[in-house]
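Residue numbers (this note's numbering), protein chains in the order written: chain S, 12 to 260; chain U, 3 to 271.
A short write-up of the structure that comes next.
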């Protein structure tokens with residue numbers, strides 16, 4: 012039986028100014044409980060594709076179909092650079108903002124009626140820093156705060172944009188374990204330029220640099236990276252079989 | 003105190019109190035969103051409208067209001083990405099507004115008004131009608147911030163996340179700049195166009211090291227603003243110096259002292 016498709020991108024074209032294409036004819040599926048990594052060099056259109064998938068940017072052509080879900084079923088962990096880390100907001104309040112969709116100025120002023128924030132704080136071992144300002148916490152902690160916020164509403168797909176960039180190796184290991192566990196119940200779409208972010212739990216890989224090459228499970232990786240990055244990249248990993256993807260056509 | 007027997011002194015003190023609330027809240031939002039330059043652009047552009055209305059024999063403050071709200075709306079309706087690329091244009095708007103204002107005021111026949119009053123303000127010229135306007139504005143502002151605080155903070159902090167969760171980011175942007183534009187005009191008579199920016203930025207800069215949350219920054223900013231308003235006012239009154247500049251001087255000195263103290267205490271601990 013085929014795995015159900017949650018989200019489907021078909022023949023997507025995108026440009027910011029109508030002249031210079033950022034994405035050309037992109038098609039790819041996000042499957043149920045997928046662990047999809049979209050990789051490519053900086054400026055290759057990764058984040059743009061992600062924003063199109065999230066519905067934050069409107070493509071010039073092509074379609075994005077959500078099957079049995081809406082954008083409310085998306086969890087989103089943005090890049091650290093997209094928001095202001097100096098903003099005066101505390102961890103507790105920040106995680107609570109994940110519930111903002113249900114806010115109403117008159118009918119629903121209290122977001123966290125069910126103590127969901129406490130649960131998330133515990134789940135991600137953030138209770139000791141619940142009342143710290145987000146400017147005071149480490150990169151690894153901030154990453155967990157972002158995850159806690161993204162997951163507070165039980166999303167069906169979790170999108171992560173360059174989650175490994177600003178965190179230390181130990182936090183990276185933790186992140187990998189967390190994602191592995193989460194993947195049992197939800198689909199993960201991760202965007203990265205960091206080839207070491209791919210571990211053996213990743214199910215599908217797509218390489219993007221304006222065009223996209225989709226690789227299903229267990230396909231050759233190295234030659235496609237050469238094409239996308241423009242130079243060969245060494246893949247070093249501990250205790251996992253190296254994966255080699257098919258050449259792009 | 004005998005000076006309280008004068009109506010203009012009482013008006014000035016009321017205006018100081020009410021404007022501290024306006025300036026503390028709006029200023030915190032501006033500083034936190036890092037929009038100081040943009041707001042400087044709007045306030046200086048409004049001088050163009052002030053001059054034009056003066057030339058036409060209309061109420062100059064109404065002219066400032068029109069241009070301020072107009073430029074605030076344009077900025078509020080322009081996508082953020084475009085504003086960043088056209089940042090230098092704000093500088094042009096800034097200078098153009100000032101130039102137009104001065105040209106029109108010079109062209110106006112008859113007795114030349116005291117330009118300094120509009121540029122640096124005079125809190126002693128505040129009338130009861132102005133105070134009522136500020137009061138109404140404050141009430142609307144406080145209610146709005148109270149009702150929309152939670153989405154507002156997501157909007158300020160992480161626009162994409164806000165948009166993904168159904169917050170109408172464009173609407174928030176528009177009203178954000180609309181509220182600021184109106185606040186600018188309300189402050190012109192008291193502190194003038196040039197000093198508005200200082201009164202928005204100094205109090206939050208003093209408050210920031212002591213607060214981790216936006217509402218606390220707002221509260222501290224209101225208090226700090228009140229202190230420098232009153233301090234500046236009495237210093238100006240007894241030294242016979244213009245109130246606007248003295249208020250800003252007081253604020254700047256206070257900021258320097260507080261920031262220096264913070265710097266050293268943090269180093270020692």
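Note that beta-carbon positions come from the ideal geometry of N, C-alpha and C, so glycine has one too.
8 Å Cβ cut-off: residues of chain S touching residue i
| i | result |
| --- | --- |
| residue 84 of chain U | The contacting residues do not exist; residue 84 of chain U stays about 11 Å from chain S at best. |
| residue 153 of chain U | 111 and 114 |
| residue 156 of chain U | 108 and 111 |
CB contact flag (residue i, residue j, <8 Å)
| i | j | result |
| --- | --- | --- |
| residue 172 of chain S | residue 41 of chain S | no |
| residue 219 of chain U | residue 70 of chain U | no |
| residue 18 of chain U | residue 125 of chain U | yes |
| residue 34 of chain S | residue 60 of chain S | yes |
| residue 47 of chain S | residue 194 of chain S | no |
| residue 63 of chain U | residue 182 of chain U | no |
| residue 201 of chain U | residue 257 of chain U | no |
| residue 80 of chain S | residue 145 of chain S | no |
| residue 136 of chain U | residue 20 of chain U | yes |
| residue 58 of chain S | residue 202 of chain S | yes |
| residue 180 of chain U | residue 74 of chain U | yes |
| residue 197 of chain S | residue 166 of chain S | yes |
Where residue i sits in the DSSP three-state scheme
| i | result |
| --- | --- |
| residue 172 of chain S | strand |
| residue 73 of chain S | strand |
| residue 56 of chain U | helix |
| residue 261 of chain S | A query on residue 261 of chain S cannot be resolved here, the shown segment of chain S reaching from 12 to 260 and no further. |
| residue 86 of chain S | strand |
| residue 209 of chain S | coil |
| residue 48 of chain S | strand |
| residue 27 of chain S | coil |
| residue 180 of chain S | helix |
| residue 253 of chain S | Confidence at residue 253 of chain S is low in this model, with a pLDDT of 49, below 50, so its placement is unreliable and the value that follows should be read with caution. Residue state, collapsed to three classes: coil. |
| residue 265 of chain U | helix |
| residue 198 of chain S | strand |
| residue 185 of chain S | helix |
| residue 143 of chain S | coil |
| residue 81 of chain S | coil |
| residue 214 of chain U | coil |
| residue 16 of chain S | strand |
| residue 192 of chain U | helix |
| residue 121 of chain S | coil |
| residue 149 of chain S | coil |
Separation of residue j from residue i, as counted between CA atoms
| i | j | result |
| --- | --- | --- |
| residue 174 of chain U | residue 4 of chain U | 47 Å |
| residue 116 of chain S | residue 150 of chain U | 6 Å |
| residue 170 of chain U | residue 100 of chain S | 21 Å |
| residue 133 of chain S | residue 110 of chain S | 17 Å |
| residue 267 of chain U | residue 261 of chain U | 10 Å |
| residue 188 of chain S | residue 44 of chain U | 50 Å |
| residue 48 of chain U | residue 178 of chain U | 17 Å |
| residue 85 of chain S | residue 102 of chain S | 21 Å |
| residue 152 of chain S | residue 137 of chain S | 8 Å |
| residue 142 of chain S | residue 156 of chain U | 17 Å |
| residue 31 of chain S | residue 169 of chain S | 30 Å |
| residue 44 of chain S | residue 126 of chain S | 27 Å |
| residue 19 of chain S | residue 74 of chain S | 8 Å |
| residue 217 of chain U | residue 238 of chain U | 31 Å |
| residue 223 of chain U | residue 154 of chain U | 18 Å |
| residue 37 of chain S | residue 159 of chain U | 31 Å |
| residue 177 of chain S | residue 150 of chain S | 6 Å |
| residue 84 of chain U | residue 83 of chain S | 28 Å |
| residue 131 of chain S | residue 92 of chain S | 23 Å |
| residue 164 of chain S | residue 192 of chain S | 17 Å |
| residue 95 of chain S | residue 205 of chain U | 21 Å |
| residue 124 of chain S | residue 161 of chain U | 24 Å |
| residue 167 of chain U | residue 159 of chain S | 15 Å |
| residue 230 of chain U | residue 37 of chain U | 23 Å |
Contacts that residue i makes with chain S (C-beta to C-beta distance below 7 Å)
| i | result |
| --- | --- |
| residue 162 of chain U | 67, 89 and 93 |
| residue 159 of chain U | 94, 95, 98 and 100 |
Contact list for residue i against chain S, beta-carbon separation under 9 Å
| i | result |
| --- | --- |
| residue 88 of chain U | What residue 88 of chain U touches in chain S: nothing, since even the nearest Cβ is about 14 Å away. |
| residue 215 of chain U | 99, 100, 101, 104 and 144 |
| residue 149 of chain U | 116, 117 and 120 |
| residue 34 of chain U | 95, 97, 98 and 99 |
Residue i: contacting residues in chain U (beta-carbon distance under 8 Å)
| i | result |
| --- | --- |
| residue 85 of chain S | 166 |
Listed by chain order, chain U residues near residue i by CB distance under 9 Å
| i | result |
| --- | --- |
| residue 122 of chain S | 152 |
| residue 58 of chain S | None at all; the shortest Cβ gap to chain U is about 10 Å. |
| residue 203 of chain S | Here the premise fails: no neighbours, minimum Cβ distance about 18 Å. |
| residue 26 of chain S | Neighbours of residue 26 of chain S on chain U: none; closest Cβ ~14 Å, over 9 Å. |
Contacts that residue i makes with chain U (C-beta to C-beta distance below 7 Å)
| i | result |
| --- | --- |
| residue 38 of chain S | Under the 7 Å cutoff, chain U gives no residues; its nearest Cβ is about 23 Å from residue 38 of chain S. |
| residue 82 of chain S | 166 |
Q) Does the region 124-144 of chain U come within contact of the region 195-212 of chain U, defined as at least 3 CB pairs closer than 8 Å? A) no
Q | the region 91-108 of chain U in contact with the region 56-68 of chain U per 3-pair CB rule at 8 Å | A | yes
(Q) Whether or not the region 135-142 of chain U and the region 13-33 of chain U are in contact is what I'm after, with contact meaning three or more pairs of Cβ atoms, one per stretch, closer than 8 Å; do they touch? (A) yes
(Q) Would you call the region 216-223 of chain S in contact with the region 41-54 of chain S, where contact means no fewer than 3 C-beta pairs closer than 8 Å? (A) yes
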